[in-house]
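Protein chains: 2
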Amino acid sequence: MGTNEIPAGVLDTERFIADQVNDIRAQVGDGIAVNALSGGVDSSAVTLLGHRALGDRLKTYFIDNGIMREGEPQWVVSIFRALGVHVELVDARDEFLNALAGVTDPEEKREAVTQTFYRDVFARLVRESGARYLLQGTILTDIDETVAGIKRQHNVFAQLGIDPEEAFGYRILEPLVRLRKDGVRKVAAALGLPEEAWNRPPFPGPALAARVIGEATRERVDLIRRATAVVEAELAPVATGAFQFLAILHEDRVTGMQDGQRQFGQQIEIRCWDSVDAREATPTELPWPVLRRVADRLTSEVPGVVSVTYNLATKPPSTIEAV
Amino acid sequence: MGTNEIPAGVLDTERFIADQVNDIRAQVGDGIAVNALSGGVDSSAVTLLGHRALGDRLKTYFIDNGIMREGEPQWVVSIFRALGVHVELVDARDEFLNALAGVTDPEEKREAVTQTFYRDVFARLVRESGARYLLQGTILTDIDETVAGIKRQHNVFAQLGIDPEEAFGYRILEPLVRLRKDGVRKVAAALGLPEEAWNRPPFPGPALAARVIGEATRERVDLIRRATAVVEAELAPVATGAFQFLAILHEDRVTGMQDGQRQFGQQIEIRCWDSVDAREATPTELPWPVLRRVADRLTSEVPGVVSVTYNLATKPPSTIEAV
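This is how it looks when you write it as structure tokens:
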């Protein structure tokens, strides 16, 4: 499969889908393939392409890593159930949270999540499935960024020091590797994925673990999960033009008051970004009453939160995520 | 001296000043008195009362503790020089910064600053002066809050376990003890203190050490001093109705970019409060261009700062200061 870019502007989605379905069928033959669905647009498009090509001979796993948004696993499974695709929900929460225990360095957190996913949980599922083919949602931007050294892409195996064919006995198929994100969205829409699923704000690979400064314990992940639900519910209706919005749980404790007594509490930072392509970004000018309301909801609805802030810095020198 | 309140509304400043001057003269006789000037309105009023009563027999010390605003010691000394009052500037920066080394707990920081001030530096100055009288700027609110257990007032000696007469051989005079802050401001103005000196935003006892989450090292105090100068310069013209505004250096490091590379940097939080009496407070709705400009100045002018946030939470459950 070549890696010549197919720009979204010239993409013929029906023909692209037909070509990829044929290619997957040709490669897999009457064998079994597996893939991991994250709920992001890339893995969603791959799931639908693979299902169209192989039907039930594609086994799709959704791995609940315990660091997802509130209700995320059930939501993703239900979206695909409505499209006639069975997704197996795998509860691996303990495995991931154990791997994250005691880890505070952001890069080590990413590494713990990535390694637990590929080396432990997904590798076990692939072995048990007996599949010889793995479908992956790698896109052209992943290749570019990996080559440029900007980002470690969790779906680029070479970076992990893994030759999957040698290590696990399977081959990797990457049907989206000639597209960028805008092209993938068009393909996903053409495959019937509802807009609410393909037009979601980006979410980091290490999920809510990346939204916690310091150790991502079960309690701290639960806290940022609740805060994320509040921030997304309040900002989604007003930040319609924003590139992304997120909540971050700080490690610093700040002084607060409860029942007239001083006590140290948690701080949540809200970021909302205007950006075209994430390379540069400016904070969104949100209406003051919205900012104040989300702060009031966070301090009253999320136990332990006494302080809420809003990001004012641009990228650069800041970055979209804090970790 | 009684502690019956004299409300600001019925305060006859000329008569109050005459009474206090007479009282100080009667008590000190032809002896020597000392006082410590912080630049706050309380100690400024006491300095001017004491000077009017005793002239050069009042020795006034300004102790540079190394955790003050940019140019603060020189500014205070020059204000009083213009009023004909000599203030002795004492460089105790090393002593305070050594006492703060390794201290991260907010209460222990306050304690380190208080103890270094009273037990070490000021006690030494008092001994060397041979004074038998100490003038203090205690006001009625200090007494109330100490009795109520809300706050440790650094100028209420009993809390420190110190009986000054027994320990140091001097008596304490508290000429402002029947006034509250508004009354003190009237007295200070009547004594000739310029408005820029008596109408300043409140500044915490532990000064910039309270504006640093975690250890207040020399480098971190220098950083928050520069950030404070930027925030005060930008907000003073627009936040004219605000009760207080401040900058806080977080201990958490957040991801930033420099020259295209990821690097961890510092975060500055800005707080600006609307409040009548500091018991309850809401964040000030500042113009968005002002917030964005102060953030840009902080990230470009203060080395190491990659992120800037603005507080959105009310007090309670937050507090005015973060530490």
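Protein chains in written order, with the working numbering: chain R, 1 to 323; chain F, 1001 to 1323.
Just so you know, even glycine gets a beta-carbon here, dropped at the ideal spot from N, CA and C.
The model shown is predicted, which means the values in this text are computed figures rather than measured ones.
Reducing DSSP to helix, strand and coil, say where Glu5(R) ends up.
-> DSSP places Glu5(R) in coil when its eight states are reduced to three.
Near Ala329(R), what residues of its chain come up, given a Cβ to Cβ distance below 8 Å and the 5 sequence neighbours on each side ignored?
-> This structure gives no information on residue 329(R), because the portion of chain R shown stretches from 1 to 323.
Determine the extent of the beta strand (DSSP E) in which Ala1036(F) is found, giving its start and end residues.
-> Counted as a single uninterrupted DSSP element, the beta strand (DSSP E) harbouring Ala1036(F) occupies residues 1033–1036.
Can you find a CB in chain F that lies within less than 7 Å of the CB of Glu145(R)?
-> Output row for Glu145(R): interface = no.
Are any of the Cβ atoms in chain R nearer than 7 Å to that of Ile1067(F)?
-> So, not an interface residue.
Which runs of the beta strand (DSSP E), 3 residues or longer, sit entirely within the segment 122–150 of chain R?
-> If we require 3 residues or more, the beta strand (DSSP E) runs fully inside the segment 122–150 of chain R come out as 133–135.
Who are the neighbours of Asp1252(F) on chain R, taking C-beta pairs under 7 Å?
-> Asp1252(F) reaches chain R at Ile213, His250, Glu251, Asp252, counting residues in chain order whose Cβ is nearer than 7 Å.
Rounded straight-line distance, which links the Cα of Leu1191(F) to that of Ala1197(F) = C-alpha separation (whole angstroms): 12 Å.
Leu1286(F) - DSSP class collapsed to helix/strand/coil = Three-state DSSP puts Leu1286(F) in coil, outside helix and strand.
Does Asn1311(F) get closer than 7 Å to chain R when you measure Cβ to Cβ?
-> So yes, Asn1311(F) belongs to the interface.
How do the segment 218–237 of chain R and the segment 181–189 of chain R stand: do at least 3 beta-carbon pairs fall below 8 Å, yes or no?
-> Here the segment 218–237 of chain R makes no contact with the segment 181–189 of chain R; the two share fewer than three CB pairs at distances below 8 Å.
Expressed to the nearest angstrom, what Euclidean distance is found between the alpha-carbon atoms of Ala112(R) and Arg127(R)?
-> Arg127(R) has its alpha-carbon roughly 21 Å from the corresponding atom of Ala112(R).
Are the beta-carbon atoms belonging to Arg1173(F) and Tyr1133(F) less than 7 Å from one another?
-> The amino acid occupying residue 1173(F) in the given sequence is Leu; Arg does not appear at that position. Tyr1133(F) is positioned such that its CB atom lies closer than 7 Å to that of Leu1173(F).
Taking a Cβ distance cut-off of 8 Å, strictly less, list which residues of the segment 1111–1134 of chain F are near chain R, in chain order.
-> For the segment 1111–1134 of chain F, which is checked against every Cβ of chain R, not one residue is closer than 8 Å.
Rounded straight-line distance, which links the Cα of Gly1205(F) to that of Gln261(R) | Rounded to whole angstroms, Gln261(R) and Gly1205(F) show a C-alpha spacing of 19 Å.
Count the other C-beta atoms from every protein chain shown that fall within 10 angstroms of the C-beta of Pro1287(F), then say buried if there are 16 or more, exposed otherwise.
-> Looking at its Cβ environment, which holds fewer than 16 other Cβ atoms inside 10 Å, Pro1287(F) is exposed.
Provide the residue(s) that pair with Trp1273(F) in DSSP beta bridges, ordered along the chain.
-> For Trp1273(F), which the question treats as bridged, DSSP gives the partners Gln1244(F), Pro1283(F).
Endpoints, the beta strand (DSSP E) within which Gly1256(F) is located | Run containing Gly1256(F): 1254–1258, per the beta strand (DSSP E) assignment.
Nearest-angstrom Cα separation, counted from Leu1054(F) out to Arg1015(F) | Arg1015(F) and Leu1054(F): Cα-Cα distance of roughly 18 Å.
Tell me the DSSP bridge mates of Ser318(R)?
-> Paired residue(s): Gly1256(F).
Same chain, Cβ closer than 8 Å to Phe122(R), neighbours up to 5 away in sequence not counted | Ala36, Tyr61, Ile63, listed in sequence order.
Measuring alpha carbon to alpha carbon, tell me which of Arg1211(F), Ala1033(F), Gln1074(F) ends up nearest Lys1059(F).
-> Nearest C-alpha to Lys1059(F): Ala1033(F).
DSSP-derived helix/strand/coil call for Leu1083(F) | Under the three-state reduction of DSSP output, Leu1083(F) falls in the coil class, being neither helix nor strand.
Counterpart residues of Asn1311(F) in DSSP-defined beta bridges = Bridge partners of Asn1311(F): Thr309(R).
Rounded Cβ spacing between Leu1193(F) and Leu1011(F) (contact assumed at less than 8 Å) | Their Cβ separation, rounded to whole angstroms, is 16 Å, which puts Leu1193(F) and Leu1011(F) out of contact at 8 Å.
Whole-angstrom distance between Lys1315(F) and Asp144(R), CA atom to CA atom | Approximately 48 Å, taken between the alpha carbons.
Starting from the Cα of Glu1072(F), find the closest Cα among Asp1042(F), Leu1208(F), Ala1099(F), Glu1165(F) and give me that residue.
-> Answer by Cα proximity: Leu1208(F).
Would you say His154(R) reaches chain F, if we count a Cβ-Cβ gap shorter than 7 Å as a contact?
-> Annotation note: pLDDT 49 at His154(R) (below 50); position unreliable, no value reported.
Run through the segment 61–122 of chain R for me and flag every whole alpha helix (DSSP H) of 4 or more residues, listed as ranges in chain order.
-> Counting only runs of 4 or more, we get 72–82, 93–100, 106–115.
Rounded to a whole number of angstroms, what is the C-alpha to C-alpha distance between Val1021(F) and Asn1004(F)?
-> Taking the straight line joining both Cα atoms gives about 18 Å.
Is the CB-CB distance between Leu176(R) and Gly137(R) below 7 Å?
-> Result yes, Cβ atoms of Leu176(R) and Gly137(R) sit closer than 7 Å.
Taking the C-alpha atoms as reference points, what is the distance between Val1046(F) and Arg1200(F)?
-> Near 17 Å, if we compare the C-alpha coordinates of Arg1200(F) and Val1046(F).
Output the distance between the C-alpha atoms of His1086(F) and Ser1078(F), rounded to the nearest integer angstrom.
-> CA-CA distance, His1086(F) to Ser1078(F), rounds to 9 Å.
In the DSSP assignment, find the unbroken beta strand (DSSP E) run with Arg1171(F) in it and report its ends.
-> First-last of the beta strand (DSSP E) with Arg1171(F): 1171–1173.
Output the distance between the C-alpha atoms of Thr1282(F) and Ile1213(F), rounded to the nearest integer angstrom.
-> Going from the Cα of Thr1282(F) to the Cα of Ile1213(F) covers about 22 Å.
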